[in-house]
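Here is the structure we will look at.
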Amino acid sequence: MERELLERTLDGDLESAIKSLNELCLGSSAELETVFPTQPSTETNGESSVVVVSNNIPKNSAEWIEVFVNEMTSASSIDDAKARASMMLDVLEKSIRSEVSGVVDILYKEKMSLKEHWEKLSKYVVVLKQGVITQHARLKEAESRIEEVQLLKERVKKLESENYSLKFHLNQGQQRYPTMDRFPPHVF
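First residue of the sequence shown? That's 167 in our numbering, and the numbers climb one at a time after it.
The structure is reproduced here in structure tokens:
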């Protein structure tokens with residue numbers, strides 16, 4: 167912010183302007199602390215660690231946008247805005263990681279469950295294939311037996327008709343030559 171703008175806004179009282187800016191910075195930091203409380207700065211590779219309280223984390227994109235906009239508008243300088251953006255991005259990253267790790271666990275369990283189900287189904291498929299092969303062999307055997315029975319029935323009919331015709335010819339022959347009945351058959 168420009169110095170003249172601050173002096174005009176606060177009627178030339180620079181001390182009051184500094185105090186207002188500090189309150190503004192502290193106020194927005196306090197708001198951010200209520201949403202995202204931080205631990206005391208412990209140096210780990212030059213970064214401070216942020217503890218995320220899960221019940222205060224925004225749940226959807228509109229809430230995240232609101233928090234980002236509030237933080238950026240309450241920044242007093244470019245460096246402050248960068249620091250706030252960095253902290254917000256860290257919190258967002260941790261939030262995403264925690265959500266993703268939960269989803270990954272659920273998906274892994276679901277994958278393992280589906281894999282077990284698939285293995286059971288593949289065993290059933292093998293059994294069903296063997297059953298189908300056995301049933302097919304039995305059907306072929308039954309078809310061949312049915313064909314054999316049909317052939318035997320046809321042969322029986324043919325033999326019955328031949329037997330009938332032989333009986334008929336025998337009866338006709340006996341009626342023509344009745345004398346043959348009088349002589350014993352072994353003589354002739």
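Glycine included, each C-beta is placed from N, C-alpha and C at the ideal position.
Item                                                                                                : Value
Status (buried if at least 16 other CB within 10 Å, exposed otherwise) for VAL233                   : buried
Distance between beta carbons of MET254 and ALA247, contact taken as under 8 Å                      : At roughly 10 Å, the Cβ-Cβ gap does not stay under 8 Å, so ALA247 and MET254 are not in contact.
Assigned secondary structure, LYS225 (DSSP; H/G/I helix, E/B strand, else coil)                     : coil
For GLU326 and VAL291, the rounded distance between their alpha carbons                             : 51 Å
Contact check, ILE223 vs SER261, beta carbons under 9 Å                                             : yes
VAL269 burial status per 10 Å Cβ neighbour count (16 or more: buried)                               : exposed
Rounded straight-line distance, which links the Cα of LEU273 to that of LEU236                      : A quick correction: the sequence has Asn, not Leu, at residue 236. Using only the alpha carbons, I get a separation of about 35 Å.
VAL298 Cβ short of 8 Å to the ligand FAD heavy atom set                                             : As for the ligand FAD, it is missing from this structure, which has no ligand bound.
Rounded C-alpha distance that separates LYS289 from ILE299                                          : 15 Å
Contact check, SER240 vs ARG250, beta carbons under 9 Å                                             : yes
ARG342 versus GLN316: straight-line alpha-carbon distance, rounded                                  : 39 Å
Minimum length 4: unbroken alpha helix (DSSP H) runs contained in the stretch 271 to 297            : none
Residue environment, VAL257, which counts as buried when at least 16 other CB atoms sit within 10 Å : buried
Cα-Cα separation between GLN296 and ALA303, rounded to whole angstroms                              : 11 Å
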